[in-house]
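Asker: Have a look at this one.
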Amino acid sequence: MPELPEVETTRRFIEPVLTGARLERVEVRRPRTARRNLRPEDVSERLNGRRVGAVKRRGKFIISDVEGDLTWVTHLGMSGRMQIAKPGEVEAPHTNAVFATDGGVELRFVDPRTFGFVAVFTPDEMSASGLDRIGRDALDDLPSVDEMSAAFAGRVPVVKAALLDQRFIAGLGNIYADEVLHVARIHPARTIGSLDRDEIGRIRNAIVPVLQSGVAHGGTSLNDLAYLLPDGRAGEFLERLGAYGREGEPCRTCGTPIERLVIAQRSSHFCPTCQHLAD
DNA sequence: AACGATCCCTGTTGGC
DNA sequence: TGCCAACAGGGATCGT
Numbered sequence: 021m022p023e024l025p026e027v028e029t030t031r032r033f034i035e036p037v038l039t040g041a042r043l044e045r046v047e048v049r050r051p052r053t054a055r056r057n058l059r060p061e062d063v064s065e066r067l068n069g070r071r072v073g074a075v076k077r078r079g080k081f082i083i084s085d086v087e088g089d090l091t092w093v094t095h096l097g098m099s100g101r102m103q104i105a106k107p108g109e110v111e112a113p114h115t116n117a118v119f120a121t122d123g124g125v126e127l128r129f130v131d132p133r134t135f136g137f138v139a140v141f142t143p144d145e146m147s148a149s150g151l152d153r154i155g156r157d158a159l160d161d162l163p164s165v166d167e168m169s170a171a172f173a174g175r176v177p178v179v180k181a182a183l184l185d186q187r188f189i190a191g192l193g194n195i196y197a198d199e200v201l202h203v204a205r206i207h208p209a210r211t212i213g214s215l216d217r218d219e220i221g222r223i224r225n226a227i228v229p230v231l232q233s234g235v236a237h238g239g240t241s242l243n244d245l246a247y248l249l250p251d252g253r254a255g256e257f258l259e260r261l262g263a264y265g266r267e268g269e270p271c272r273t274c275g276t277p278i279e280r281l282v283i284a285q286r287s288s289h290f291c292p293t294c295q296h297l298a299d
């Protein structure tokens with residue numbers, strides 16, 4: 021599932037293809053993919069013929085500057101990926117949008133479950149979209165322990181839900197939230213108000229190394245359907261996961277079988293020994 | 001206001 | 001073997 025490391029890996033691949041390039045042909049094949057625009061056809065009409073500037077990322081959003089004061093926003097959702105192809109190459113199923121550049125490259129947005137989207141916003145639309153209210157980036161702009169302590173104080177939600185909430189820290193999804201809590205030795209069902217400063221520090225200090233490791237290995241590819249790198253390769257972080265998807269397998273630290281519980285409406289994987297619930 | 005629950009979508013998986 | 005319900009999940013939205 022695309023989370024920050026998968027999105028950042030994707031961004032690094034498409035940046036050299038897009039930055040400075042002119043979009044010569046933009047097609048949205050599936051209207052739902054452009055649903056964040058008032059008119060789905062705005063995506064192709066606004067991008068066609070325009071030059072792309074910087075390709076940035078915030079949380080799980082890829083945000084590109086486009087000439088004409090436009091912002092091109094891409095979210096991979098849960099099954100989306102960007103594919104770098106040459107015109108004429110056979111298209112993968114569920115190629116929901118195509119962006120052809122003057123560099124002779126086609127960027128293809130493939131997204132079977134259509135939770136992802138592409139959008140092109142004017143400055144006013146960008147403000148109205150709420151995308152600028154997304155939280156601090158988990159990799160580039162992580163809040164300090166003091167800031168996290170202040171934000172967590174007296175709050176009710178379980179820590180797993182808090183880490184998934186993109187309004188505070190943006191970029192963690194279900195896989196990396198489980199990995200962070202495993203490294204930090206915190207049970208996912210702990211309420212954030214119950215965490216002491218040392219525990220919040222352990223969580224805070226696990227986030228960047230876990231995400232950096234994910235980026236270094238090209239992200240996590242769970243199966244054939246899921247995320248692939250833009251060149252078609254699979255990410256290799258799967259084999260390095262310590263908790264996610266390892267139910268029944270031994271904890272790499274203590275050997276206790278990893279357990280799975282549904283917490284905050286998401287399957288959560290943890291070591292009952294390293295991540296005990298009681299203090 | 002805060003927070004939990006529900007929905008969207010479709011390929012894959014597991015049970016019978 | 002074949003069928004079908006359950007499952008996966010990010011984020012918007014709804015209800016309490």
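Going by my numbering, the first sequence opens with residue 21, and the numbers climb by one from there.
Where a beta carbon is used, it is the ideal one built from N, C-alpha and C, also for glycine.
Ordered along the chain, which non-local residues of its own chain (more than five positions away) have a Cβ less than 6 Å from that of residue 44?
Answerer: As a working note, residue 44 is residue 24 in the first sequence. Taken in chain order, the residues that qualify are 120 and 122.
Asker: Can you tell which of 142, 111 and 133 has the C-alpha that lies nearest to the C-alpha of residue 127?
Answerer: One-based indexing of the first sequence puts residue 127 at position 107. The shortest C-alpha separation from residue 127 is found at 111.
Asker: Hey, how far is the Cα of residue 274 from the Cα of residue 162?
Answerer: Position 254 of the first sequence, counted from the first residue, corresponds to residue 274. Position 142 of the first sequence, counted from the first residue, corresponds to residue 162. Residue 274 and residue 162: Cα-Cα distance of roughly 29 Å.
Asker: Based on the DSSP output, what are the partners of residue 289 in its beta bridges?
Answerer: Position 269 of the first sequence holds residue 289. DSSP, once it has assigned bridges, lists 280 as partnering residue 289.
Asker: Thinking residue 200 and residue 223 are a contact (beta carbons under 8 Å), I'd like their distance in whole angstroms, please.
Answerer: Looking up residue 200 in the first sequence gives position 180. Looking up residue 223 in the first sequence gives position 203. Confirmed, about 6 Å.
Asker: Which runs of the alpha helix (DSSP H), 4 residues or longer, sit entirely within the region 221 to 254?
Answerer: none
Asker: Determine which residues share a DSSP beta bridge with residue 129 and list them.
Answerer: Translated into the one-based positions of the first sequence, residue 129 becomes position 109. Beta-bridge annotation (DSSP): residue 129 is paired with 102 and 117.
Asker: Would DSSP call residue 86 helix, strand or coil?
Answerer: As a working note, residue 86 is residue 66 in the first sequence. Per DSSP, reduced to three states, the secondary structure at residue 86 is strand.
Asker: Which complete alpha helix (DSSP H) runs does the region 172 to 197 hold, if anything under 4 residues is left out?
Answerer: 179 to 184
Asker: Using the Cα positions of residue 150 and residue 24, report the straight-line distance between them to the nearest angstrom.
Answerer: By one-based count along the first sequence, residue 150 stands at place 130. By one-based count along the first sequence, residue 24 stands at place 4. Roughly 19 Å separates the two Cα atoms.
Asker: Three or more C-beta pairs closer than 8 Å, one from the region 54 to 62 and one from the region 101 to 111: is that the case here?
Answerer: no
Asker: Alpha carbon to alpha carbon, how far is residue 180 from residue 214? Give it in angstroms, no decimals.
Answerer: Locating residue 214 in the first sequence gives position 194, where the first residue counts as 1. Locating residue 180 in the first sequence gives position 160, where the first residue counts as 1. Going from the Cα of residue 214 to the Cα of residue 180 covers about 13 Å.
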